[in-house]
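S.K.: Counting along the sequence shown from 1, when you hit position 65 you're at 46 in this note's numbering, and nothing is skipped either side.
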Amino acid sequence: MEPCNSHDTNSCRAVADVLARIGDKWTVYIVRLLSRGPMRFSEIRREVSAISQRMLSLTLRGLERDGLVTRTVTPSIPPRVDYELTAKGLTLIGPLMAVGQWAIENRDYVEAARMKYDRENPDSKTLESLRKKRRASPPGAGALPQHDRSERSEE
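#1: From L15 to D(-11), what does the alpha carbon distance come to, in whole angstroms?
#2: Between which two residues does the beta strand (DSSP E) containing D5 stretch?
#3: Can you give me the Cβ contacts of V54 inside the same chain, cut-off strictly under 6 Å, excluding the 5 residues immediately before and after it?
#4: Helix, strand or coil: which one does DSSP assign to R17?
#5: How big is the Cα-Cα spacing for S(-8) and R95?
#6: From the DSSP output, in three-state form, read off L39 for me.
#7: Tell whether a beta-carbon distance below 9 Å holds between G70 and V29.
#8: Where DSSP assigns a beta bridge to E65, which residues make up the other side?
#9: Do the CB positions of L73 and L41 come within less than 9 Å of each other?
#10: Mind checking which residues open and close the alpha helix (DSSP H) that includes V80?
#11: For R2, which residues of its own chain have a beta-carbon under 7 Å away from its beta-carbon, when the five flanking residues on both sides are left out?
#12: Using the three-state DSSP reduction, which class does S(-8) fall into: helix, strand or coil?
#13: From M78 to R100, what does the alpha carbon distance come to, in whole angstroms?
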């Protein structure tokens, strides 16, 4: 894959669109789980206890729409629904494992860089600084930027 350049905004949008799906925190968890084999909705939900039922449904539906997961309904009472990575979905495992390993190996470096940046730029308007201020503020004090609200609804 060639990097995006200013003359090819369509490919940049395509890359950003795909990365938004596969880089989503819930997608990473779900792909990792499904890398072990097919799972029922309730099994996935149990394994990723922090995810809401709605967010799990939305994430699985998006992965199915993108051709990365298949959904199989077995008629029974109650109906059995299994999710499984497609052949293309299986190709995500290696890259996600590599990125995960990189994150683990470089977590301390990134955290130190963030602390240094925050010390040197106390008035910075990064998303992280806005979140810290929100957590430190009493409830209802100040409105959040629109983009921060939408991200919060997915957590």
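For glycine and all other residues, C-beta sits at the position ideal for the given N, C-alpha and C.
M.R.: From the atom records:
#1: 35 Å
#2: Here D5 belongs to no beta strand (DSSP E), and DSSP marks it neither H nor E.
#3: P60 and V62
#4: coil
#5: 31 Å
#6: helix
#7: no
#8: T51
#9: no
#10: I74 to E101
#11: T8, G43 and D47
#12: helix
#13: 32 Å
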